[in-house]
Amino acid sequence: MAPLLEIRAARRDFATPEGGKICALDGVDLDVGANEFVTLLGPSGCGKTTLLRAISGFEMLDSGTIQLGGADLTALPPFRRPVNTVFQSYALFGHITVARNVGYALEVAGVAKAQRDVEVAETLEKVGLAGMGTRRPSQLSGGQRQRVALARAIIAKPKLLLLDEPLSALDRNLRQQMQIELKNLQHRLGIAFIFVTHDQEEALTMSDRIVVMRAGAIEQIGTPRDIYRHPRNRFVAEFIGETNLFAVTVDRLEGDTALARTAEGVEVLLPADGRKAGERLTAILRPADFTIAAQGIPGTVTRAVYLGSDLHLSVAPEAGGPDISVAIRDGLGVGEGTRLHLAHDPARVHVLEDA
Amino acid sequence: MRNPWGWVALTAFSLLFFTFIYAPLFVIIGYSFNSNPVNMMIWEGFTFDWYTGLFGLSDRATGVGNRAAYIESTDQMLAALRTSLTVALFTTTISTVIGTATAIALARYRFRGRGAYNGFLMMPMMMPDIVLGIGLLIFFVTLGMQLSLLTIIIGHCTFLTSYVFIIVQARMAGLDPALEEASADLGASEWTTLRKVLLPQLAPGIMGGALLAFVISMDDLVITYFISGVGDTTLPVFIFGMIRRGVKPEINAIATLIILASVIIAALGLWLRSRKID
Ligand SMILES: Nc1ncnc2c1ncn2[C@@H]1O[C@H](COP(=O)(O)OP(=O)(O)OP(=O)(O)O)[C@@H](O)[C@H]1O
Ligand SMILES: [Mg+2]
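Sequence order for the protein chains is S and Z.
To get the working numbering, take the position in the first sequence, counting from 1, and add 8.
Take the second sequence: its letter number 137 is residue 123 in the working numbering, and every next letter is one higher.
This is the structure:
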């Protein structure tokens, strides 16, 4: 089946005041399937908002095409595109009631008042705001405004909903609650979401697929697990989650395992498959990949912090080199200054071939 | 307040300040009810005569005891009031439409010479009235236009548009551009967005600008003096003429009525503004 949204070779340059050019979108290709939850993730200024605005029509592409359900959107003005947006600032209309805000898309489309009222009530119900229709947006809390913005954007049943950091103004608890609600809503409505966030944890928990962007280009697209376990390059690896990167040279092979060392002498075990001694590569291990054991990398704990149920450690390897981040479940008796050995399963190592 | 003397000083200052501003108005209001026809500074007794006299309802005359003279000047005054209202209504409408449209266009569209355009719009406000008045007069004469109601209206529009523009522009600057984007995103054409979002959001500014334009138009003497035809005397020009023939008690009565009208308009303006639209 053809994807719902197809973006091909999208380019957008902005002129800088100094007379130069910034390439906000540098040949972006992206497919989004029907009912898929896709998250755009990347450092500030990498072009996430620009990509979203190109889809909604507020930025025109310099070149490239955007198709939705087979129809070409590239040259259409925003009001002719069947996508809706939840704005970061919510952008609610303060001069009309919540109900009229929510019903705006229908009102503009000429739907009769009676029909509108029914759909508005239904939609308010869906976002948990039943009975709030007669209020003004200024009489709502931040979380409620967020829901109004959401209700307003979904009432016309778009095939694709765009959300630019919709949760960034909410406090942590409300944010987590809204994450769950958004995900449920997306599931029930059968709408595809393109969601922008700075928060990688949010991206990992909510998305079907994550798009990691850098400097206007896509670095990697994949499921959260893919992106986390098999980052394509150093940038993705470092951007998503805490990472330990070891620049190593393969020392020798022992059966299924290859033994590799960093310049300082920290030993990392890898799967042997086809490795040769003297090969240089980067080994990636996540904090949770380590266990405390009788053998392994010897080191001293320099910092120990409880985060929820996990104990997070920084361990300085005896051999030298940067501290290793470790997260363990059961850290009884481990504290700053403890000397220990870190072991890992070779199969957990993700290898980046060095260029 | 921590320091009681500071509070006393502040109160005293405020009292002085308001006295300074409002005393002349209260003096006029007081005088307008003084029945002494010769010297208004000496209280002789309470009367409504100057008010009823204004409308030709009283026989009492100042100076000359001639009722006919009164009726004539009453008619003149009412005619002047009518002229003023006509001018103010037209200029308010025209300058509000042009000023609002200009403010929206300048805020939303980039074009060459935008900065210069902005500067030129301010100019009529900065220009001394007398220069503007003479300039307009010479302009109309050069074009061979008869001075008339039309020239007053055109003249007023030239500078009142700037006032409306400034006020609407301030409101426009405070408006989140995402509102218009949200409207377009939900399927509204530019025209619908203008009608359903932009104008309602700007309404307090537009109302404020219109009220200000109305009041300034009603009040303008200097510019109007140059560009009004013989038959088209506005109220300020009429009053100015009366004063030149001596300050009569009726002038106090007119002034008091104008103060009353201004208070009503100002209260209306404040009330409109208090109906918050955010
Ligand atoms: N209207 C504009 N004019 C000029 N440059 C712009 C404009 N909009 C965006 N840019 C530039 O394009 C680049 C991408 O911006 P964009 O807003 O898409 O980043 P972003 O990924 O959304 O960042 P953030 O995470 O901070 O929101 C940035 O370098 C930005 O400065
Ligand atoms: Mg952004």
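By construction, the Cβ of each residue, glycine as well, lies at the ideal position given by its N, Cα and C atoms.
None of these values were measured; they are calculated from a predicted model.
- Under the three-state reduction of DSSP output, D35 of chain Z falls in the helix class.
- In the DSSP assignment, N181 of chain S falls outside any beta strand (DSSP E) and within the unbroken alpha helix (DSSP H) covering R180 to L197.
- In the structure shown, F97 of chain Z falls within a coil segment according to DSSP collapsed to helix, strand and coil.
- One Cα belongs to T257 of chain S, the other to T265 of chain S, and the distance between them is close to 14 Å.
- In chain order, D162, A164, L165, E167 and A168 make up the part of chain Z whose C-beta sits under 8 Å from the C-beta of A99 of chain S.
- Within chain S, no C-beta atom comes less than 8 Å from the C-beta of D218 of chain Z; the nearest is roughly 40 Å away.
- DSSP places E361 of chain S in no alpha helix (DSSP H) but in the uninterrupted beta strand (DSSP E) bounded by H358 to E361.
- Residue selection by CB proximity (closer than 7 Å to any heavy atom of ligand 2) returns S:K56, S:T57, S:D172, S:E173 and S:V204 in chain order.
- Close to T178 of chain Z, with beta-carbon spacing below 7 Å, are these residues of chain S in chain order: V116.
- Put simply, the CB of S149 of chain S is far from chain Z, with every gap to its CB atoms at 8 Å or more.
- Along the region 71 to 100 of chain S, going in chain order, the ones with a CB nearer than 7 Å to a CB of chain Z are P86, F87, N92, T93, F95, S97 and A99.
- For M193 of chain Z, the uninterrupted alpha helix (DSSP H) run begins and ends at L185 to D205, by DSSP.
- Boundaries for S134 of chain Z: no alpha helix (DSSP H) harbours it, and the DSSP string shows neither H nor E there.
- Under DSSP, the beta-bridge partners assigned to I15 of chain S are S:L38 and S:I74.
- The region 139 to 170 of chain S is shown to contain whole alpha helix (DSSP H) runs of 4 or more residues at 150 to 162, in chain order.
- Ranked by how close their Cα comes to the Cα of Q184 of chain S, the residues S:G343, S:A211 and S:M140 have S:A211 in first place.
- Closer than 8 Å to the CB of D171 of chain Z there is at least one CB belonging to chain S.
- Distances from the CA of R294 of chain S to each of S:I163, S:G316 and S:L350 were compared; the closest alpha carbon is that of S:L350.
- V276 of chain S and P354 of chain S have their alpha carbons spaced roughly 8 Å apart.
- Of all residues in the region 48 to 68 of chain S, only S64 and F66 place a beta-carbon less than 7 Å from a beta-carbon of chain Z.
- Chain Z has a Cβ within less than 8 Å of the Cβ of R160 of chain S.
- Separation of K284 of chain S and L13 of chain S (C-alpha to C-alpha, rounded to the nearest whole angstrom) is 44 Å.
- Taking the Cα positions, G139 of chain S is about 43 Å away from S81 of chain Z.
- At least one CB atom of chain Z sits nearer than 8 Å to the CB of Y112 of chain S.
- Neighbours of V183 of chain Z in chain S, taken as residues whose beta carbon is under 7 Å from its own, are F101 in chain order.
- By the criterion of a C-beta distance shorter than 6 Å, A241 of chain Z is surrounded in its chain by I14, once the five residues flanking it on both sides are discounted.
- Residue burial annotation: R231 of chain Z is exposed, with fewer than 16 other C-beta atoms found within 10 angstroms of its C-beta.
- Nearest C-alpha to R144 of chain S among S:V110, S:K167 and S:Q123: S:V110.
- Placement of the Cβ of F66 of chain S at a distance of 7 Å or more from every heavy atom of ligand 1 is found.
- With respect to the C-alpha of A225 of chain S, the residue from S:Q187, S:R61 and S:C54 having the closest C-alpha is S:C54.
- For F243 of chain S, the shortest C-beta to heavy atom distance toward ligand 1 is 7 Å or greater.
- For the pair I244 of chain Z and L197 of chain Z, the CB atoms are not nearer than the 8 Å cut-off.
- Using a 10 angstroms sphere on the CB of G307 of chain S, the tally of other CB atoms reaches 16 or more, which defines it as buried.
- The alpha-carbon of T128 of chain Z is positioned some 29 Å away from that of A65 of chain Z.
- Contact of Q187 of chain Z with chain S by beta-carbon distance below 9 Å involves F101, G102 and H103.
- In this structure, the beta-carbon distance from V36 of chain S to L59 of chain S falls below 8 Å.
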